Amino acid sequence: MALRLFTIFISITVFFIHHPYFISADKILKYIAALFVLTSIIIVVIIPGATDPDFNTWRGLSPSKNIFGQVSVLTLIITLDIYLRQNTLINKILLLTLSFISLILLFGSQSSTSIIGFLAFCSIISIRVVDKFFKPLNLGRFLSSALVLSFAFSVVLLLVVFPNILESFTALFGKDPSFTGRTDLWLIALNSFREHFPFGTAYGAFWNAANKDLVAIHIIFPWLPMQAHSGILDTLNEGGIIGFILFISATIKVLIQSWKFRDKNLWFYMILIILVLNTQETTIFVPGYLATTIFILIYVRSIFSSSNPNKMIKH
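Next comes the structure, spelled out in structure tokens:
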């Protein structure tokens, strides 16, 4: 696994060495997004096998509905961001169409985690709109901050005063308060972390057929999970406390660095959504996952932008 992740890192690094302007990455992402969206909508319509056999929902070319949902929501964000920076009407119509199809694919997957990620994206954009709308009155930052604090306070208040609200909320997404058995997997990951403290089991070692403990876990969970369904806990369990600290440090660096540039629409908010997805699905540091590739891409970008910020923000 480490070799595959390193290969992705080297490939992206070489790309930015030869194409230092991020507009080059935008063009490539636009073509990839268009190919994915158009291919996926055709496949789910004409090929019966493009549905998840366990849930009878769309999965396209992905191995599961959750991965399909993750790619759909990330593609939606990519196409919307590129749409906002287009000048020609034809390109705007094309990208808006791709965004709409991505939205259809997202809800067709019925991946609750990805839908929550999309709702989080909508919330972030709403806060930004409030900030921008009231900025001429010098009230934008105050009102947007008040909106965030009010939402957080309301959530805490509801959970404390009306604890049953959690069950009602999770039911909206077809889940129970245990998030379909995820909380039990989280306990297993935490126990493993304590047993292998401080170095962890090594990436890809715990959820691996060679791990004898996995047999007992699969007896308890007949749906044969191959992750803790929490990227944070998987990083803590397999990377140990040192790997977890490095992951948090890299994430903070990416967020701070991305916030400094005017093209943060895509990159900054993309990281936030990936982190939201990573709370319910292990999406980061998993070779073959789009979220992993984008996370590494943004991390490499932050390294290059630190050395030459003026060059990296040119459009």
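Heads up, the sequence shown is in this note's numbering, so the first residue is 1271 and it goes up one at a time. Glycine included, every Cβ here is placed at the ideal spot set by N, Cα and C. Predicted model, so just to flag it, every value in this text is computed and none were measured.
For residue i, which residues from the same chain have a beta carbon less than 7 Å from its beta carbon, with the 5 sequence-adjacent residues on both sides left out?
i     : result
T1549 : S1500 and I1502
T1321 : T1327, W1328 and R1329
L1368 : A1303, A1304, V1307 and T1349
S1528 : K1534, W1537, F1538, I1541, I1568 and S1572
L1560 : Q1340, V1341 and L1344
A1472 : E1508
F1391 : I1347, Y1539 and I1543
F1476 : S1462, N1507 and E1508
A1272 : Y1473
L1275 : F1555 and P1557
L1460 : L1503
I1524 : In the sequence as displayed, the identity of residue 1524 is Val instead of Ile. Cβ within range, chain order: I1541, I1568, Y1569 and S1572.
T1563 : I1278
I1566 : I1278, F1279 and I1282
Along the chain, where does the alpha helix (DSSP H) containing residue i start, and where does it finish?
i     : result
K1402 : S1382 to F1403
D1504 : G1501 to W1529
Y1353 : K1335 to L1354
T1471 : Note, T1471: premise wrong, no alpha helix (DSSP H); not H, not E.
L1407 : Segment: none, L1407 is in no alpha helix (DSSP H) and carries neither H nor E.
D1454 : R1452 to E1465
N1361 : L1359 to S1379
S1281 : A1272 to H1288
D1483 : D1483 to I1490
Which residues in the same chain have their Cβ closer than 8 Å to the Cβ of residue i, if we skip the five residues on either side of it in sequence?
i     : result
L1299 : I1348 and I1352
I1280 : none
I1458 : I1487 and A1498
L1365 : K1300, T1349, L1350, I1352, Y1353 and Q1356
I1374 : I1311
Classify residue i as buried or exposed, calling it buried when 16 or more other Cβ atoms lie within 10 Å of its own Cβ.
i     : result
G1387 : buried
Y1301 : exposed
K1482 : exposed
F1370 : exposed
I1282 : buried
A1486 : exposed
I1526 : exposed
S1420 : exposed
L1346 : buried
G1319 : exposed
S1372 : buried
S1267 : The structure shown has nothing for residue 1267, since the chain only spans 1271 to 1585.
F1491 : exposed
F1338 : buried
W1493 : exposed
V1399 : exposed
N1336 : buried
L1407 : exposed
V1546 : buried
F1403 : exposed
Would DSSP call residue i helix, strand or coil?
i     : result
K1584 : Note that K1584 scores a pLDDT of 44, beneath 50, so its modelled location is shaky; the value from the coordinates is reported in the next line. The answer is coil: DSSP assigns K1584 none of H, G, I, E or B.
T1552 : coil
I1543 : helix
W1537 : helix
Skipping 5 residues on each side, what residues in its chain have a beta carbon closer than 6 Å to that of residue i?
i     : result
V1343 : L1376, S1384, G1387 and F1388
G1378 : W1328
Q1380 : T1327
So does the region 1504–1511 actually touch the region 1455–1470, counting three or more Cβ pairs closer than 8 Å? yes
On the three-pair Cβ rule with 8 Å, is the region 1309–1324 touching the region 1356–1365? no
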